[in-house]
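I have placed the structure first, in the form of structure tokens, so that the comments after it can refer back to it.
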Amino acid sequence: LAVPAAVGSPSLADSRLLELERRVNAAEAAAVEAGHIFTRAEEAMLAWRQHDPRSTAYAIAPDGAAASISDWRELEKWKEAAQDALERWARREEVARANCRYDELEAEYQRLLERADDLRAEAAQIVASSIEDLRCKVRMMSEADCLSFDGPLIESIVDDLRVSPTANAAQS
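Take any residue in the sequence shown, note its place counting from 1, add 346, and you have its number in our numbering.
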């Protein structure tokens, strides 16, 4: 009884896929941790915005005052004051973002998510030569891949199944 080559010892693709799976898992674990930290920064910014909402920058005149301004010069002064108030608010927001490292933490979180996606795309380029290769690819799929049924990794799994010698042999 002959054993098909795809069932024998792990192929080069196996070891590359297994290494990519390890790296995807590490990137995702780091992204989860970074996501928790970034969530705290988001919560800090939400609290800051509740304390200092942007709409207060417009509150330089009593309600309805803009409608009662009949003189063009008064309206221009009001618009300038409103613009100044918005610029001061934007500077305060910039300071608040810097204080909680919002942009830095968001960039790190996004970088780690993109790293995991890049590794999945790399795995998609490797043709599965065994059921273990396919299982490895399935384990690497992201939650988004599972929900949308598209993306390079899931497409490669379908393509691998279409051209797999063992799948074609089972159809005969």
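Even glycine gets a Cβ: it sits at the ideal position worked out from N, Cα and C.
Next item on the list: Determine the extent of the alpha helix (DSSP H) in which C482 is found, giving its start and end residues.
Entry: C482 -> alpha helix (DSSP H) spans I477 to M486.
Original post:
Roughly how far, in whole angstroms, is the beta-carbon of L499 from the beta-carbon of A469, given that I think they are within contact range, below 8 Å?
Top reply: 6 Å
What separation, rounded to the nearest whole angstrom, lies between the Cα atoms of E365 and V509? 23 Å
Taking 7 Å as the threshold (C-beta atoms), are A462 and V378 in contact? No, the pair does not count as a contact, with Cβ atoms beyond the cut-off.
Do D398 and D479 have their CB atoms nearer than 7 Å? no
Legend entry - Three or more C-beta pairs below 8 Å linking the segment 419-437 and the segment 377-395: no
What's the gap between the Cα of V484 and the Cα of A380? Taking the straight line from one Cα to the other gives about 24 Å.
Let me make sure I understand the geometry here. Which of A390, A373, R362 and A428 has the alpha-carbon closest to that of R457?
A373
Notebook entry, point to check: Exposed or buried, which one is R466 when buried takes at least 16 other CB atoms within 10 Å?
Noted result: buried
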